[in-house]
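Contents: one structure, followed by commentary.
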Amino acid sequence: MSAFSFSKLANTLLYYIDKSGNSVFRNYNFFEKDGYMYDRIIQIKDAGIGLEYRLELDKKIKLFNIISAIVLYICYIHSKSSFWILLLYIAVYVGLVFAMRYYAGKLYAKKLLQFYGSYKIVNFEPNISQDKKDMYEKNFLSKILVYLIVIVIFFLPSFVLLKSISFMANRKNPNIQCINALTSIYTAVYPKTPLIYDINAVSKYKSGDFNAAAQDYKRIFKMTGKTFTSKDYRRFANLLYLERKANGIQSAIEVYNEYSTAKSMNFEQKLKMLWIKSIFSISSQATDYVVQDYDELLESVAGKKNREFYVLADKAYMLYLMGDFKSAIDIYNILIPYALTNTKTYGNQLKALYLERGFAKLEFGDKKGADADFLESKVDINEIGIYEPVLKQIGFVIGDF
-5 MSAFSFSKLA NTLLYYIDKS GNSVFRNYNF FEKDGYMYDR IIQIKDAGIG
45 LEYRLELDKK IKLFNIISAI VLYICYIHSK SSFWILLLYI AVYVGLVFAM
95 RYYAGKLYAK KLLQFYGSYK IVNFEPNISQ DKKDMYEKNF LSKILVYLIV
145 IVIFFLPSFV LLKSISFMAN RKNPNIQCIN ALTSIYTAVY PKTPLIYDIN
195 AVSKYKSGDF NAAAQDYKRI FKMTGKTFTS KDYRRFANLL YLERKANGIQ
245 SAIEVYNEYS TAKSMNFEQK LKMLWIKSIF SISSQATDYV VQDYDELLES
295 VAGKKNREFY VLADKAYMLY LMGDFKSAID IYNILIPYAL TNTKTYGNQL
345 KALYLERGFA KLEFGDKKGA DADFLESKVD INEIGIYEPV LKQIGFVIGD
395 F
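Numbering-wise, the sequence shown is residues -5 to 395 according to my numbering.
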């Protein structure tokens, strides 16, 4: 049985006469039954009219494939880029290629019937030497290599453009007009990347279109799927800011939860992301779930003392910012003795813990206890104020592209 193979695909023969005196024309099937057989000898000069028609069809198929690829590529680069959308466009292209070959096959079969009469459908299996097979395969591989080189040449400027855009955007005083011009050139020719959406979000923020800017960050998160990078800290913080501006605090928190939970993050990333969300919630006076969020993270790391320590430290800090100084002190009273008995691991945390507990005691009215903690921190009395926990509003952050 003749099935699809690399050797069959590489073979460029369209017609042969077998040892039994049968004439076989190649049809447009990629798999089995890819030949039309006549039980008589059709001389090459007589077969020429059928082969010429076949070659004309091949030219039209090639043109159709090129035009289809260009049209679908243009549609893709102007659509919401994602891995699944890319797969969809590839599937559509493959479908169009097969549909065109099927249609061409019908036309070819009709013409052969008109030229030479009835035929049998068989496998196209010309008897050719191994040397010829090797030559066909080598030529086919050469064509593939040429296509790959063309693709690389086509996309090479995209990498140069992206690097240029990234370099200019990360400068201390970026030239926004120049960045926008390069971005426009890139998006006119190549598919959008997270960097392009990042730049677009900044431009839309500057123009006051907060909702559109937020949508660009959402597109980045959908495009990157479960992957989480260091740049996502800024992106999520900016999403919170933009969504609050566009649709309010509650919407901002809901959107943040929706997209952040879809990411695959390690413990450190989860802890830092929770810090960002908590600071935003407290600064927006939406503190209902701050403690609950930390308790849930604590539950997820139960039994892992090292991780519990850092979650509790952050929770205590947030309780201080929320004004619940008594609960913050209670946590510091657990953390500090534990750090003292594990100075090798947590010794570098003691200064901050003493100072934070000291400020909590000061706010709680225990000045004597606060002074004792400040003394234990071994920080110069004139510099203690630098370490006071302060609630900072989350604003829009530009940079780190």
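Even glycine gets a Cβ: it sits at the ideal position worked out from N, Cα and C.
Name the two residues that bound the continuous beta strand (DSSP E) containing residue i.
i: F19; result: S17 to R20
i: Q116; result: Residue identity check: residue 116 is Val in the sequence provided, not Gln. Start and end: K114 to V116.
i: M162; result: Taken as a continuous stretch (DSSP letters only), M162 belongs to no beta strand (DSSP E), being part of the alpha helix (DSSP H) at Q124 to A163.
i: Y32; result: G29 to Y32
i: I378; result: Premise fails: I378 is in no beta strand (DSSP E) and is neither H nor E.
i: Y9; result: Y9 to I11
Determine the contact status of residue i and residue j, defining contact as a CB-CB distance below 8 Å.
i: V18; j: F109; result: no
i: N21; j: Y30; result: yes
i: G219; j: F77; result: yes
i: Y83; j: Y97; result: no
i: M316; j: V295; result: no
i: I143; j: I273; result: no
i: Y348; j: D367; result: yes
i: I173; j: M162; result: yes
i: K74; j: R213; result: yes
i: Y47; j: Y102; result: yes
i: A231; j: I270; result: yes
i: K225; j: D394; result: yes
i: M267; j: S275; result: no
Below 8 Å CB to CB, which residues in the same chain sit around residue i once its five sequence neighbours on both sides are set aside?
i: E131; result: F0, S1 and A4
i: L292; result: E302, V305, L306 and K309
i: G111; result: Y32
i: L176; result: L155, S158, I159 and M162
i: K386; result: I273 and S277
Classify residue i: buried if its beta carbon has 16 or more other beta carbons within 10 angstroms, exposed otherwise.
i: P185; result: buried
i: A333; result: buried
i: R351; result: buried
i: V154; result: exposed
i: A195; result: buried
i: K362; result: exposed
i: P188; result: buried
i: I68; result: exposed
i: D282; result: exposed
i: G297; result: exposed
i: D374; result: exposed
i: D192; result: buried
i: V65; result: exposed
i: A182; result: exposed
i: S258; result: exposed
i: Y141; result: exposed
i: R95; result: buried
Using a Cβ-Cβ cutoff of less than 6 Å, which residues in the same chain neighbour residue i once the five nearest sequence positions on both sides are dropped?
i: K27; result: I115
i: Y314; result: A322, A354 and P383
i: Q343; result: A333
i: K105; result: Y47
i: Y399; result: Within the shown structure, residues of the chain are numbered from -5 to 395, placing residue 399 beyond reach of any answer.
What residue does the alpha helix (DSSP H) around residue i start on, and which one ends it?
i: F0; result: F0 to A4
i: V88; result: F77 to Y110
i: M217; result: F204 to T218
i: A246; result: I243 to S254
i: A296; result: Segment: none, A296 is in no alpha helix (DSSP H) and carries neither H nor E.
i: L356; result: L344 to F358
i: N23; result: Note, N23: premise wrong, no alpha helix (DSSP H); not H, not E.
i: I64; result: I38 to I71
i: Q263; result: F261 to S277
i: K361; result: K361 to E370
i: S201; result: First-last for S201: undefined, no H or E at that position.
Output needed for residue i: all residues of its chain with C-beta closer than 7 Å, excluding positions within five of it in sequence on either side, in chain order.
i: G208; result: According to the sequence shown, residue 208 is Ala rather than Gly. Contacts found: L233, L236, E237 and A240.
i: Q171; result: none
i: D210; result: Y191, N194, A195 and K198
i: I43; result: F109
i: L90; result: S62
i: K320; result: F358
Is any non-hydrogen atom of the ligand ATP found closer than 7 Å to the C-beta of residue i, if you look at the structure I gave you?
i: I388; result: Absence of the ligand ATP is noted for the structure shown, with no ligands found whatsoever.
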